[in-house]
Amino acid sequence: MTSWIRKASNLGVAAFFGFAIAIAINAVAERPAETAGAADVPLEQLRTYSDVLDRVRSDYVDDISESQLIENSIRGMISELDPHSGYLDDEEFKSLRESTSGEFGGLGIQVGMKDGVLTVIAPIDDTPAKRAGLEAGDKIIRINDELTQDMDLEEAVKIMRGKPGTDIDLTIAREGEKKPLEFTITRAIIKTESVKHEMLEPGLGYIRVSQFQSRTVEQMHDALDALAEDNDDKPLKGLVLDLRNNPGGVLDGSVEMVDAFLNKGQIVYTKGRVADAKMSFEASNGDRLDGAPMVVLVNGGSASASEIVAGALQDSGRALVIGERTFGKGSVQSIMPLANGGALRLTTARYYTPSGRSIQAEGIKPDVTVHQLKVSDIEEVFSISEASLAGHLTNGESETEGEKQNKPEAKEDDGEPLVIRDYQLYEALNMLKGMVIVSKNGNR
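One gets this note's numbering by counting positions in the sequence shown from 1 and adding 868 to each.
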C-alpha cells in the first residue's frame, strides 16, 4: 500500500520568501477503518455540530455560505492541535508546491507561531530580510498596517510573498526594545548558497550552513575539499560547523551531514501513532575529518534539521556544541492531499536524538553557553588599557583634533578582530584550539 505519510523536517515552521524546502507529496491511500477510528464517531457531538451550523447559518448577522462555515470549522479544528498543523485550500496547497519547486519573490525569512504570535525563526543569509536587520525571535505584530494577532500561518505567508521589486512594511516587537521597530523591505527572487567556508587559522576550518537544501551536503563536501586544499592538501586539525540561524530544511540533508562525521551509531529517530511515522537513521562508516575535533555553533534561530545535526553530534560525543539553546522545533509534519484539491499539514511524529531526548519545545542545550555579546559590551570587557586608569599620563605627542578629523576613516571590517566581529565564533575557535591540543596529547 502506498504510504500516506511523507516527512519533511521543518514543515509548519513556514518556509517561504524564496527558501524552498523539499516536501515529498503523494496520493493518500485509504486507511483501514480500525486505524481511522471510524467505529468511534461521537454521534452526540456531531448533532451538536450540526445544530451550531444551522444556528449560525440562519441567525448570524451576515449571510455566510455553508461551505465557508464548514471550511472555517475545519481550519479551527486543525489549528487547535498545535502551531504547525494546518488546513490548506487548493490555492494555498498550490502555493506550497510552488515554493518547493521553483523561485518566487520573497524576503528571505522563516517564521512560525510561537506562543500564538507570528515569530521570525531565522533570517536567511544574503537576503533582503537579513540585510534589513531582522533577527531571530522578532515578533511580527503588523504586516502592511494589518495586525497579525488574528492571522494563521498560511494567511501571513500568503500576504508576505509577492512580486519581486515590491515593498512590504513589517512592524516588529523585539526583546530589549522599548518601542516597535518599523521595516520596509523590498521583495526579491531569493537565490542563496547554503554553504560557505573559510580557514580561520592554519589547519582550523570553518563551515557555515545557513539552511538545508537539496544540494547542501554536496556543497559541504566541496567546502571540506577546498579547506583541505587551502591547508596545503593536509587533513584539517579541527572544524567549526556554524548552524546559527539555520531554520532547517530537508531531513535527508541533516542526516547525511551527520553521517559525514560519524563512523557508526544512530543519528535520529521519530515516534508517532502509526507505523509509517516511525523512522530511524543510522550512520555509515566514513568520517570526513578522521576524528579531528569539531565545534558546532547554535543559537535560538537554529531549528529543526539543524537541531537534528547538533543533537546527534552532541549525543555521540563527536562535537562540542556551544552557543545558545536552540529553537525546539522537533515535530514532523506530513502533507496529506485531499479530494477537494487542498491538503492537511498534520503533525504526525516527534524527533528524538540518539540518547532519547525529544527536541520538541526543548531544543538542544549547548555544552557551553556563549551569548553573542554586543560590540559595546565586548569593548568594555576587552579594552582595559593604560588610558583606562585614573590619573594616567597623557601622550604629549598625540594628534590634534584637526589632524584626527583629516585622517581617512577605517572601513567597517578593516582589521576588525574576530572577538569584536563575532564573539561566539571567537570563543568557538578558542575551544577548538584547546580540543586540538588535548587530542594531540591523547595520541602521544
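All C-beta atoms, glycine included, are put in the ideal place defined by N, C-alpha and C.
If you count every other CB in all the chains shown that lies within 10 Å of the CB of T1237, and 16 or more means buried, which is it?
-> Mapped onto the sequence shown, residue 1237 falls at position 369. Counting Cβ neighbours within 10 Å, T1237 comes out exposed, since fewer than 16 surround it.
**OP:** State the start and end residues of the unbroken beta strand (DSSP E) segment that holds Q1201.
**Re:** The residue you call residue 1201 lines up with position 333 of the sequence shown. From DSSP, the beta strand (DSSP E) with Q1201 extends over S1199 to P1205.
message: Going by DSSP, what residue range makes up the beta strand (DSSP E) through L1107?
response: Residue mapping note: residue 1107 aligns to position 239 of the sequence shown, counting from 1. Unbroken beta strand (DSSP E) run through L1107: G1106 to D1110.
**Asked** How is G1005 classed by DSSP in three states: helix, strand or coil?
**Response** For this step, residue 1005 is matched to residue 137 along the sequence shown. If DSSP states are grouped into helix, strand and coil, G1005 belongs with coil.
DSSP has H1065 in a bridge; who is on the other side?
On the sequence shown, position 197 is the one that residue 1065 refers to. Its beta-bridge partners are I1075.
request  = Kindly indicate which three-state DSSP category A1171 falls into: helix, strand or coil?
outcome  = Stepping through the sequence shown from its first residue, residue 1171 is reached at position 303. Correct three-state label for A1171: coil.
* **Pick from M1019, Y1294, G1302 and P1103 that is closest to Q1240, judged by C-alpha positions** => For the purposes of this step, residue 1240 is taken as residue 372 along the sequence shown, with counting starting at 1. Among M1019, Y1294, G1302 and P1103, the Cα nearest to that of Q1240 is on Y1294.
Exercise for review: Starting from the C-beta of G1133, find all residues in its chain whose C-beta is less than 6 Å away, skip the five residues before and the five after it, and write them out in chain order.
Suggested key: Within the sequence shown, residue 1133 is the residue found at index 265, counting from 1. These residues qualify, in order along the chain: A1151 and S1184.
Worksheet item: What do you get for D922, buried or exposed, if any count of 16 or more other CB atoms within 10 angstroms of its CB means buried?
Response: Along the sequence shown, read from residue 1 onward, the residue named residue 922 stands at position 54. Result: exposed.
Quick one: give me the first and last residue of the alpha helix (DSSP H) that G944 is part of. By 1-based counting over the sequence shown, the position of residue 944 is 76. First-last of the alpha helix (DSSP H) with G944: E934 to S947.
Inset, instruction - Please check the pair G1116 and Q1081, which I expect to be a contact at CB under 8 Å, by giving their CB distance rounded to whole angstroms. - result: The residue you call residue 1116 lines up with position 248 of the sequence shown. The residue you call residue 1081 lines up with position 213 of the sequence shown. That pair is no contact at about 11 Å.
Pop quiz: D950 and T1215 are said to be a contact at Cβ under 8 Å. What is the actual Cβ separation, rounded to whole angstroms? The count along the sequence shown starts at 1 and reaches residue 950 at position 82. The count along the sequence shown starts at 1 and reaches residue 1215 at position 347. With 8 Å as the limit, D950 and T1215 qualify as a contact, their Cβ atoms being about 5 Å apart.
Who are the near neighbours of M1019 in its chain, counting only those whose CB is closer than 7 Å to its CB and skipping five residues on each side? For the purposes of this step, residue 1019 is taken as residue 151 along the sequence shown, with counting starting at 1. For M1019, where only same-chain residues beyond five positions count, the Cβ hits under 7 Å are L986.
Worksheet entry | Spatial neighbours of Q1292 in its chain, beta-carbon cut-off 8 Å, leaving aside the 5 residues before and after | For the purposes of this step, residue 1292 is identified with residue 424 of the sequence shown, where counting begins at 1. Same-chain partners within the cutoff: R1112, L1165, N1167, I1190, G1191, V1238, H1239 and Q1240.
### Query
Smallest Cα separation from G974: which of G1140, D1235, S1223 and G1033?
Residue numbering aside, residue 974 sits at position 106 when the sequence shown is read from its first letter. Nearest option by C-alpha distance: G1033.
TODO: Take P1234 as the anchor and find which of V1177, N1099 and E1022 has the nearest alpha-carbon.
DONE: For this step, residue 1234 is matched to residue 366 along the sequence shown. Considering only alpha carbons, the answer is V1177.
Using a Cβ cut-off of 9 Å (strictly closer), state whether K1046 contacts chain B.
Protein chains in the displayed structure number just one, and chain B is not present.
> Are the beta-carbon atoms of Y1389 and M1147 separated by less than 9 Å?
Replying inline: With the chain represented from 869 up to 1312, any question about residue 1389 goes unanswered, as that position is not in the structure.
Note down, in chain order, each residue of its chain lying with its Cβ closer than 8 Å to the Cβ of K1272, except the 5 sequence neighbours on either side. Counting from 1 along the sequence shown, the entry for residue 1272 is found at position 404. A caution first: K1272 carries a pLDDT of 41, below 50, which makes its placement in the model unreliable, though a value can still be read off. If we look at K1272 and ignore the five residues flanking it on each side, it has no Cβ neighbours.
According to the neighbour-count rule (16 or more other Cβ atoms, all chains shown, within 10 Å of its Cβ), is V1306 buried or exposed? For the purposes of this step, residue 1306 is taken as the residue at position 438 of the sequence shown. It is exposed - the Cβ of V1306 has fewer than 16 other Cβ atoms within 10 Å.
> Taking the continuous beta strand (DSSP E) assigned at M1019, which residues delimit it?
Replying inline: Counted from its first residue, the sequence shown places residue 1019 at position 151. Per DSSP, M1019 belongs to no beta strand (DSSP E) and is neither H nor E.
Check: Measuring CB to CB, does G1121 end up less than 9 Å from L1095?
Finding: Counting from one through the sequence shown, the residue named residue 1121 turns up at place 253. Counting from one through the sequence shown, the residue named residue 1095 turns up at place 227. Taking 9 Å as the Cβ cut-off, G1121 and L1095 do not qualify as a contacting pair.
**C-alpha gap between M1299 and I1011, whole angstroms** = Translated into positions along the sequence shown, residue 1299 becomes position 431. Translated into positions along the sequence shown, residue 1011 becomes position 143. Taking the straight line joining both Cα atoms gives about 42 Å.
Between the beta-carbon of L1049 and the beta-carbon of I1040, is there less than 9 Å?
As a first step, residue 1049 is located in the sequence shown; it is residue number 181 there, counting from the start. As a first step, residue 1040 is located in the sequence shown; it is residue number 172 there, counting from the start. Their beta carbons are under 9 Å apart, which means L1049 touches I1040 by this criterion.
inquiry  = Considering just the uninterrupted stretch of the alpha helix (DSSP H) at D931, what are its terminal residues?
reply    = Walking along the sequence shown from the start, residue 931 turns up at place 63. Segment: none, D931 is in no alpha helix (DSSP H) and carries neither H nor E.
Between which two residues does the alpha helix (DSSP H) harbouring T1084 extend? In the sequence shown, residue 1084 corresponds to position 216, counting from 1. Counting along the chain, the alpha helix (DSSP H) containing T1084 begins and ends at T1084 to D1098.
When DSSP labels each residue in this structure, what does P996 get in the three-state scheme? Here residue 996 refers to the residue found at position 128 when the sequence shown is read from its first residue. Here P996 sits in helix by DSSP.
Let me know the secondary structure DSSP gives E1271 once reduced to three states.
The residue labelled residue 1271 in the question sits at position 403 within the sequence shown. Low confidence applies here, because E1271 scores a pLDDT of 42, under 50, leaving its location unreliable; read the following figure in that light. Here E1271 sits in helix by DSSP.
Exercise. Smallest Cα separation from L1092: which of D930, G1071 and S941?
Worked result: Position 224 of the sequence shown, counted from the start, is the residue given in the question as residue 1092. Of D930, G1071 and S941, the residue nearest in Cα terms is G1071.
Please state whether DSSP places S1307 in a helix, a strand or coil. Here residue 1307 refers to the residue found at position 439 when the sequence shown is read from its first residue. Residue state, collapsed to three classes: helix.
Any idea what DSSP makes of L1212, helix, strand or coil? In the sequence shown, the residue the question calls residue 1212 occupies position 344. DSSP places L1212 in strand when its eight states are reduced to three.
Does the beta-carbon of T1052 have 16 or more other beta-carbons within 10 angstroms, so that it is buried, or is it exposed? Stepping through the sequence shown from its first residue, residue 1052 is reached at position 184. Burial call: exposed.
> Between G976 and V1025, what straight-line distance do the alpha-carbon atoms span, to the nearest angstrom?
Replying inline: Within the sequence shown, the letter at position 108 stands for residue 976. Within the sequence shown, the letter at position 157 stands for residue 1025. Near 12 Å, if we compare the C-alpha coordinates of V1025 and G976.
Do you know offhand how far S1078's Cα is from D1290's? Taking the first residue of the sequence shown as 1, we reach residue 1078 at position 210. Taking the first residue of the sequence shown as 1, we reach residue 1290 at position 422. S1078 and D1290: Cα-Cα distance of roughly 16 Å.
Which whole-angstrom value is the C-beta distance of L1188 and V1163, which I expect to be below 8 Å?
Your numbering for residue 1188 matches position 320 in the sequence shown. Your numbering for residue 1163 matches position 295 in the sequence shown. That belief holds up - the Cβ atoms of L1188 and V1163 are roughly 5 Å apart, short of 8 Å.
Item checked: First and last residue of the uninterrupted beta strand (DSSP E) at G1121 -> In the sequence shown, residue 1121 corresponds to position 253, counting from 1. Premise fails: G1121 lies in the alpha helix (DSSP H), L1119 to D1127, not in any beta strand (DSSP E).
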